[in-house]
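Residue numbers (the numbering used here), protein chains in the order written: chain A, 39 to 349; chain B, 52 to 344; chain C, 38 to 576.
So, in structure tokens, the structure goes:
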């Protein structure tokens, strides 16, 4: 187990490095000049050139990359072109929001998917099954932004039970403000989870293991709970890990719709403004988040199921 | 559809030789999901193909003094913010989005399946290398990578197809690789190997038929995901070139008028959902038809 | 998402990325009131003031939801709307522009000018203090404006180019010497970039100073951090306008998602919201407790054509395109009637706008006739570049495409993201593009030279490469002309030449649109987009 963990950690580092490199290259191929963005439309060519020199943008791409990596190893994530503060402080002030959103969304996803999948598996080919599957297909085909606006219209504007957007204040306020966004974000993966869990549970239900339990006379609900649900735990954990990138990615859109100041909206505006240091740092943090969650779920899965051969 | 368990775990059913065609035909005609899915999908394709014929108006014809008109006898689904007939645009958008959905998944499907098969079968350096690349790509939040690529390549259809080509193949590769790993260990393949069959033959006749079904089933839901992603890109202003009708831009343009002319944003969304339903049913149906048991 | 003049993520949100280049323009000519019509907003505000015969009430917090968050409070180093309309509550210039577009003495109470118009002597208003208690002196003025004009990276430092020297004479007199007669001078002096800060930052480092700025303005900021989701401004008790501000504090909330802002206004979570999408005007008007205010702006939306290309170097082609665009219809559909259709390249609210400019009004027949006289009578295909993140430009582009079709010009719409868009057209690597033009100050010289003076205007005639020596000569002449009626006639001629040459098509004049709660009184916006909050009180 230890050597597996060590190997995975090493590979995680490599992956994060790969993400950083790819982001760097991508940003520098794109047309668009951050100096011009900051200085505005009437900027003189000399002012633009001076700013580019200050930011080191006139060196060749390999040199810039080297400089960036050098700074990175010293723990320096650079300074935002637009905000004139260190990217580290920008990220620190926003990471909590995104982490909270992702965590609550993951929680919602599990809380919604497991019961639905169980119900569908138990009533296979029945009305409930079709309804659940239909619902998950609808979820798959619903654009998050559209659904989010709709939720705001209903729950915030008309019913006034939840805030229109923003982060809210105080612990209770923060939670309330997360309800609609987290729910919207969870829809990114609920359909996938429900479909896969359902199939897995059907297989378990059809297995000899459960046939024995039934033969023993255990009630259906008991069977469901003690055997099926427990067996669902492992795949759920794994699936969550596999799909966390998608969930994190969906926060980019959700944060915009609900006006949350998280890493997703920071990243998007940084890309648009070509705020290179912020793009680099944020992708690094988000990518690291994905990798870490993946690693965590894989290790958790390994602990839960000894059959899994860790390679 | 085989369950998605951890890569190392063997599925509960052993892989077998592919079935004869008659088995497929029997299953196809007896699977309600497959029939429903096929009918809906074919229906959608027909709408897409016949859009120029069945649309009451040209989709781009503007009437700037008759904007945001509600449902009427002249315009069954109303008019949008430039006075264009919503129904005609909806029908033409079926063309745009189905086409884009199908086009965008072609490369990922073939490339991903090929790479996954080779990585799973040969293992070793090839496998490690591929998996590293896959992990890097997966670690990117989806939209970030897609947006970044589109900025580089340019917006519009080409940009979208290239962006998905880079990002989407990994799902197929992972799934196919997992199954290939298992199939590789099966008695059947071992027998073929010891029988001296060349590798490509083994892959083509014995490995792929078992592994590709997963790709095919995933293909149908992938098209849905791609269409939804295209819709979201349209929302972000990175969709198809205006004024091409597309469900995504129709929703984003109509979003401003949600409280008044709600049809503009809702109805294209319904169209996306129906398409999703059709392809999902088709996918589930195919899973039923193609399953090894 | 594109935003209405918006951004996308919502399409409109997301892409709000854009840096709205609108600067607070404060300037009106002091010599004579602007020839422009009295803005509806002023009348409306006056009307409400009359209706509210109750005296202004002290106290309360104004909650203002804005679309762009500030990144810095340094007046000399920004061009971003979010920064400008925040720092102008803390720092004030010698003159300000009122909502009618007129220049009003502010920190300077009066001035005299030498006969050759090159020496200006300002007398500072007595009794003005900075928020830390230190009195305003001439040294502060000298320091501030020298800092601004010598800043090579300053986005608006070019406005100060005619200043040769600034000297303090005693504590309350400042003498400016110009290098040439320069009619826009007072206008230039009043731009936000020339706001007055304490000499030598009051002894602090520059960075520390702008995190805890000290100004003469009605409000104070303590502990500024960029990228905050809100900012609270507190009443400055030593503000020189006695009795003001009425408010105890102002809370700026940064909501870049258009929908969100509108919902906050409707939900009562914000008292004022800015940048209201025209599509939401009707529903906001119908919301109880709210009213929608439209303020005229020094802003024009332009369709620009690249005269480096033979088809657009041909005057007949450009005129044909102008004739073919039905601007009233475009405005009706795209702005829901909030904007006025374009004609002259000066907006009507700008000083020396000429209503008699011969506009090439919509006429398909004349468009075809013009094209027939050109070297491209059968039409041609062309690419129209837009900032794809802004829904408004997408709408405009689609309308223009449909309207140019009948004369045989096939338009291919090319949306780019904001950064790429700017980089591309500024390299003149485009065929046609759409963008907005603004005037930061009340004097029209800024717009006139920027868009007509191809060599020295700073933008190659708004990147169109338009080169008309007569027009350029007139622009220079107007810069040195102090007689108001002569100046008016010069600008009338310039507008006529530009209208007839059609280097760009003025599509429309969009107003500033705000939604204001009924409990807010005294809120008004000048044509530069700036609003003085010390006049606002809550009932």
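Where a beta carbon is used, it is the ideal one built from N, C-alpha and C, also for glycine. Note that this is a predicted model, so its numbers are computed, not measured.
Residue contact check for residue 130 (chain B) against chain C: no CB pair falls below 8 Å.
The alpha helix (DSSP H) runs of length 4 or more contained entirely in the segment 77 to 128 of chain A are, from start to end of the chain, 83 to 92, 99 to 111. Taken in chain order, the whole alpha helix (DSSP H) runs of length 4 or more contained in the segment 199 to 230 of chain B number zero. Note on residue 126 (chain C): 16 or more other CB atoms within 10 angstroms of its CB, so buried under the neighbour-count rule. For the pair residue 175 (chain A) and residue 328 (chain B), the CB atoms are nearer than the 8 Å cut-off.
Looking at the DSSP output, residue 452 (chain C) shares a beta bridge with C:423. Contact of residue 115 (chain B) with chain C is assigned, a C-beta pair being separated by under 8 Å. With 16 or more other Cβ atoms from the protein chains shown falling within 10 Å of its own Cβ, residue 444 (chain C) counts as buried. Of all residues in the segment 58 to 88 of chain A, the ones placed with a Cβ closer than 7 Å to any Cβ belonging to chain B are 60, 64, 67, 68, in chain order. Where residue 142 (chain C) is concerned, there is no enclosing alpha helix (DSSP H), although the beta strand (DSSP E) around it starts and stops at 140 to 142.
The shortest C-alpha to C-alpha distance from residue 210 (chain B) to any of B:307, B:103, B:114, B:284 is the one to B:284.
Against residue 301 (chain C), the close residues of chain A are 202, in the order they occur along the chain (beta-carbon pairs closer than 7 Å).
Chain-order list of chain A residues neighbouring residue 199 (chain B): 64, 309, by C-beta distance under 7 Å.
Assigned with DSSP and collapsed to three states, residue 272 (chain C) falls in strand. Per the DSSP secondary-structure output, residue 342 (chain C) pairs in a beta bridge with C:469. Judged by beta-carbon spacing, residue 88 (chain A) lies within the 8 Å limit of residue 189 (chain C), meaning their Cβ atoms are closer than that value. Flagged as an interface residue toward chain B: residue 454 (chain C), by a C-beta distance shorter than 8 Å. Below 8 Å, too few C-beta pairs join the segment 152 to 162 of chain B and the segment 105 to 119 of chain B to call them touching: fewer than three. The beta carbon of residue 308 (chain B) falls within 8 Å of a beta carbon belonging to chain C, placing the residue at that interface.
Annotated three-state conformation of residue 442 (chain C) is helix, per DSSP. Proximity of residue 283 (chain B) to chain A, defined by a Cβ-Cβ separation below 8 Å, is satisfied.
Counting along the chain, no alpha helix (DSSP H) covers residue 281 (chain C), and no H or E run does either.
Residue 291 (chain B) carries a coil assignment under DSSP once its states are collapsed to helix, strand and coil. Classified as buried, residue 301 (chain C) has 16 or more neighbouring CB atoms from the shown chains inside 10 Å of its CB. Under the three-state reduction of DSSP, residue 219 (chain C) is assigned to coil, being neither helix nor strand.
Cβ neighbours of residue 226 (chain A) within its own chain (closer than 7 Å, five residues either side excluded): 182, 284, 285, 288. In the three-state reduction of the DSSP assignment, residue 197 (chain B) falls in the helix class, which pools H, G and I.
Nearest in C-alpha terms to residue 313 (chain A), of all of A:139, A:118, A:67, A:340, is A:118. Per DSSP, reduced to three states, the secondary structure at residue 200 (chain C) is strand. A Cβ-Cβ contact shorter than 8 Å links residue 144 (chain C) with residue 173 (chain C). If you look at residue 360 (chain C), you'll find it in the alpha helix (DSSP H) that goes 352 to 361.
Residue 41 (chain A) has a beta carbon lying at 8 Å or more from every beta carbon in chain C.
Spatial neighbours of residue 108 (chain C) in its own chain (CB-CB distance under 8 Å, excluding positions within 5 residues in sequence) are listed in chain order as 115, 117, 119, 120, 263, 264. Taking the C-beta atoms as reference points, residue 366 (chain C) is found nearer than 8 Å to residue 116 (chain B). For residue 139 (chain B), the enclosing alpha helix (DSSP H) covers residues 137 to 173. Taking C-alpha positions only, residue 326 (chain B) is separated from residue 84 (chain B) by approximately 15 Å.
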